[in-house]
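> Start counting the sequence shown at 373; every next residue gets the next number (my numbering). Below are the structure tokens for one structure; questions will follow.
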Amino acid sequence: MSYLISVQLSLTKFIQCCGRGGRVIDEDFIERFHSDYPYELSLKNHFNIIDLGGNYERFGDWSDDRNWKSIFYNPERAGDGIAPVKTCPSCEGLLHAAKKVCDQTILMVIYAFTSSRKN
């Protein structure tokens with residue numbers, strides 16, 4: 373059983389995470405590699421993925437055929453992904469991570485973030 377408990381923004385990382393669970397362990401593999409493992413190997417010809425991050429909706433099945441040429445030569449442009457956000461500690465509103473001041477007008481709250489850089 374493989375659990376994906378986070379949202380993956382990278383197709384290759386998503387495939388890598390799922391692919392680890394997808395490795396088949398058959399009798400031939402056990403016979404050839406049993407001495408390389410500190411534990412006893414058992415047969416594995418299927419597995420389940422519990423995708424708590426909704427990655428399947430974004431990337432499709434991890435084992436789908438893909439047009440890698442198109443993916444490599446036509447990558448997503450900056451700005452096509454999810455914008456980084458942070459939470460205002462005063463009103464708990466979400467705002468872009470680069471904003472220095474929370475000016476959520478609903479609660480008329482203004483909060484100035486302090487710089488974390490050391491001068």
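Note that the Cβ used here is the ideal one computed from N, Cα and C, for glycine as well.
Quick check on this structure: which residue in Cys474, Ile377 and Lys441 has the alpha carbon closest to the alpha carbon of Ile422?
Nearest C-alpha to Ile422: Ile377.
> So is Asn420 buried or exposed if we call it buried at 16+ other beta carbons inside 10 Å?
With fewer than 16 Cβ atoms within 10 Å of its Cβ, Asn420 is classed as exposed.
> Would Ser414 and Gly393 qualify as a contact pair, given that the criterion is a beta-carbon distance under 8 Å?
Contact: no.
> Starting from Leu467, trace the alpha helix (DSSP H) in both directions and tell me its first and last residue.
No alpha helix (DSSP H) holds Leu467; the beta strand (DSSP E) holding it covers Leu466 to His468.
> I'd like to check one pair, Ser462 with Cys474: are the Cβ atoms closer than 8 Å?
It is a contact, given that the beta carbons lie within the stated cut-off.
> If you follow the beta strand (DSSP E) that Thr486 is part of, which residue opens it and which one closes it?
No beta strand (DSSP E) holds Thr486; DSSP gives it neither H nor E.
> What's the call for Phe405, buried or exposed, on a 16-neighbour Cβ count within 10 Å?
Per the 10 Å Cβ criterion, exposed.
> Cα separation between Phe444 and Ser382?
Whole-angstrom Cα-Cα distance: 13 Å.
> If we ignore side chains and look at the alpha-carbon of each, how far apart do Thr459 and Leu467 end up?
Taking the straight line joining both Cα atoms gives about 6 Å.
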